[in-house]
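Reviewing the structure listed below.
Protein chains: 2
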Amino acid sequence: MALPRQVELVEVGPREGFQFEGIGAPDKLATADKIRLIDMLAATGAKTLQIVSFVSPKQVPQMADAEAICAGIAPHEGVRYQAIYLNDKGLERALAQTGLDIDGKITLTTSETFALRNQKRTLTQDEAMARRIAELYVAHGIRVNYGMLMAAFGCNDEGPIPLPRVLELVAKLHEISESTGGALETLNLADTMGRADPELIRQVVGAVRARWPGLRIALHLHDTRGLAIANAYAGLLEGVDLFDSAVGGLGGCPFAGHKGAAGNVCTEELVFLCDRLGIATGVDLDAMVACARFAERMVGHALPSKLVTAAR
Amino acid sequence: MALPRQVELVEVGPREGFQFEGIGAPDKLATADKIRLIDMLAATGAKTLQIVSFVSPKQVPQMADAEAICAGIAPHEGVRYQAIYLNDKGLERALAQTGLDIDGKITLTTSETFALRNQKRTLTQDEAMARRIAELYVAHGIRVNYGMLMAAFGCNDEGPIPLPRVLELVAKLHEISESTGGALETLNLADTMGRADPELIRQVVGAVRARWPGLRIALHLHDTRGLAIANAYAGLLEGVDLFDSAVGGLGGCPFAGHKGAAGNVCTEELVFLCDRLGIATGVDLDAMVACARFAERMVGHALPSKLVTAAR
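Residue numbers (my numbering), protein chains in the order written: chain A, 1 to 312; chain B, 313 to 624.
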């Protein structure tokens, strides 16, 4: 396949970073700084920002200010502000905000071990929750058109995930969407624990595309084992044109099962890669590097981004 | 091209790391620790170790113990110990050691700005030095069969290097080798300042291979802008089966023109990538991760390797 001519990036650094950096220190990052980072990111040319998660303040106290963040940002024209949630309660909180873009996203997970840890549900309960969330969307006039599959490329506990299992779950995402009168338009394959490699990316993306040629594929790539940017390149080689990425390489999954979980693929490095390959992202690299520098000052330590160091 | 079935790694972490970590603090790393790291690396399955550079102790005081390191290591059967040098004086010092493998390597550079900073020579002087070194090899019965091209993928000061210029310098490396009765067997394309991208790697490697089909191509990839592992994957896609890499991602070029120069592509991440792709390296991943942990304790800070963190 030819490389895509343009790529859309979903900036997940705020949500990933606020969640991860606050582990054990929920007040480490000031709400005002979080808002400032989001406002800076909105001015980089990034068109979609994932800014908070609506999750249990008991489990994730560092996200207790999610509503305050939503209320505090200065909406930037042309920018979509999004959130994540793991259950109907979280979705209700998201729906209560003004200015959030709720995109009809349902999520399944390949690994029961991970689902129990991250969502506190068995896979059966998890599927039931996806169906409940889908109904809630419909009740609010939102089409169920976006599926996400967590741990699509392997699990720290369960190891490799067989391709037929991945395809079965993608089929289920389609079925849930269609059961509500919707149709899946986008599928996000998440390498939640950073276990993918470039050839696995090509194999899984290729197999999904062969079966559902009209489906737009997105990748969510953690850099846990250092391969995220190579995996992103592999995605580009397969024509993938939608990526989650995190400024500075912020983030990490608090429930991935080891302490060193790295964040998502670094936005400025992905922008740099796309710039070099002649792929338009709409993001201004210098402005994104400035955001990464601010994020480093916020969290009080160097972030994984190499580019932010090189650019100094 | 098909992926190679096996890949040879040259572990450059000691030379890169000792050189870079000692900038401004030549006594920071104890000679005994340097020797211990080399001895640990020799037991990982890595077959070639680049352990020191013979350079001016005035310019690079942290390498003043190069001879002591060579004398102190415990030679491991089947492991080749190598060194680098930038001029005839350095080569004479290397030749005076017992147990070093001197491989008939000559080096040219694409960028005069970089040559002036790193080698303290104009390009004309640099070429003359390559010829002098070639003659010195011949005088010691060493065939001139290995060429290296520094800044082959761009320069921080001079920007992109046109492909015809790269090919012209590779032709010159051939000519120097042949003028001594040798023949170039291996060409190392060095991304000295971490400016390559995966498509540029494929373009340059492809063009060199098209013109010199019998030449074995090696890559030396710095991770300055975060793309090293993607560039390595691009090299594998072009069939490259010889890579320099640095345990933990150690190193950086002291003369690259900015402080944040990252080290070489991280050995354990490259081994992990190869393991995943079914490419044999002969290196034991756990043993290499243990070396990276020891290197982190030596230098007193976290190294760029993500895998070493994930593996904890």
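Glycine included, every Cβ here is placed at the ideal spot set by N, Cα and C.
For clarity, every value in this text was computed on a predicted model and none was experimentally measured.
Could you check whether residue j and residue i sit closer than 8 Å to each other, using their CB atoms as the reference points?
| i | j | result |
| --- | --- | --- |
| B/Arg507 | B/Gly466 | yes |
| A/Ala32 | A/His76 | no |
| A/Asn145 | A/Gly182 | yes |
| B/Phe366 | B/Ala427 | no |
| A/Cys291 | A/Leu9 | no |
| A/Asp101 | B/Leu585 | no |
| B/Thr421 | B/Asp438 | yes |
| B/Lys346 | B/Ile381 | yes |
| B/Val319 | B/Ile591 | yes |
| B/Leu615 | B/Gly560 | yes |
| A/Ile133 | A/Asp191 | no |
| A/Gly226 | B/Cys578 | yes |
| B/Glu333 | B/Val517 | no |
| B/Asp351 | B/Ala314 | no |
| B/Glu581 | B/Leu527 | no |
| A/Ala64 | A/Pro14 | no |
Taking DSSP as the reference, what is the three-state secondary structure of residue i?
| i | result |
| --- | --- |
| A/Thr124 | helix |
| B/Glu323 | strand |
| A/Asn156 | coil |
| A/Val52 | strand |
| B/Leu341 | coil |
| B/Leu481 | helix |
| B/His486 | helix |
| A/Arg225 | coil |
| B/Ile445 | helix |
| A/Arg36 | helix |
| B/Gly384 | helix |
| B/Leu548 | helix |
| A/Lys306 | coil |
| B/Met313 | coil |
| B/Arg507 | coil |
| B/Val516 | helix |
| A/Asp111 | Looking at the sequence provided, one finds Ser at residue 111 of chain A rather than Asp. Here A/Ser111 sits in coil by DSSP. |
| B/Val611 | helix |
For residue i, would you say it is in contact with chain A, using Cβ-to-Cβ distances shorter than 8 Å as the test?
| i | result |
| --- | --- |
| B/Ser617 | yes |
| B/Leu585 | yes |
| B/Ile445 | no |
| B/Ala574 | yes |
| B/Asp310 | As shown, chain B starts at 313 and ends at 624. That puts residue 310 of chain B outside it, with no answer to give. |
| B/Glu581 | yes |
| B/Pro369 | no |
| B/Pro510 | yes |
| B/Tyr393 | no |
| B/Tyr545 | yes |
| B/Gly526 | no |
Does the beta carbon of residue i come closer than 8 Å to any beta carbon on chain B?
| i | result |
| --- | --- |
| A/Thr309 | yes |
| A/Pro14 | no |
| A/Arg276 | yes |
| A/Cys266 | yes |
| A/Thr122 | no |
| A/Ile229 | yes |
| A/Arg117 | no |
| A/Gly282 | no |
| A/Gly104 | no |
| A/Gly337 | Since the first and last residues shown for chain A are 1 and 312, residue 337 of chain A lies out of range. |
| A/Gly45 | no |
| A/Gly226 | yes |
| A/Gly194 | yes |
Could you work out which residue in the options is closest to residue i when comparing CA atoms only?
| i | options | result |
| --- | --- | --- |
| A/Ile142 | A/Ile106, A/Pro160, A/His174 and A/Glu112 | A/Ile106 |
| B/Ala464 | B/Val520, B/Gln331 and B/Ile335 | B/Val520 |
| B/Ile513 | B/Glu490, B/Leu527, B/Thr536 and B/Ala542 | B/Ala542 |
| B/Leu485 | B/Gln515, B/Glu497 and B/Leu349 | B/Glu497 |
| A/Lys47 | A/Val283, A/Arg297, A/Ala287 and A/Thr309 | A/Val283 |
| A/Asp157 | A/Ser179, A/Glu135, A/Tyr137 and A/Met193 | A/Met193 |
| B/Leu589 | B/Ala544, B/Gly563, B/Pro338 and B/Ser557 | B/Ala544 |
| B/Leu398 | B/Ala440, B/Gly411, B/Thr410 and B/Gln409 | B/Ala440 |
| A/Gly17 | A/Gly45, A/Ile51, A/Arg131 and A/Pro213 | A/Ile51 |
In the DSSP assignment, what are the bridge partners of residue i?
| i | result |
| --- | --- |
| B/Gln318 | B/Ala592 |
| B/Gly459 | B/Ile418 and B/Leu499 |
| B/Cys578 | B/Ala558 |
| A/His220 | A/Ala190 and A/Asp244 |
| B/Ala395 | B/Val364 |
| A/Leu100 | A/Tyr81 |
Quick check: does the Cβ of residue i come within less than 7 Å of any heavy atom belonging to the ligand NAP?
| i | result |
| --- | --- |
| B/Ser491 | For the structure depicted, the ligand NAP is absent and the ligand set is empty, with no information on it obtainable. |
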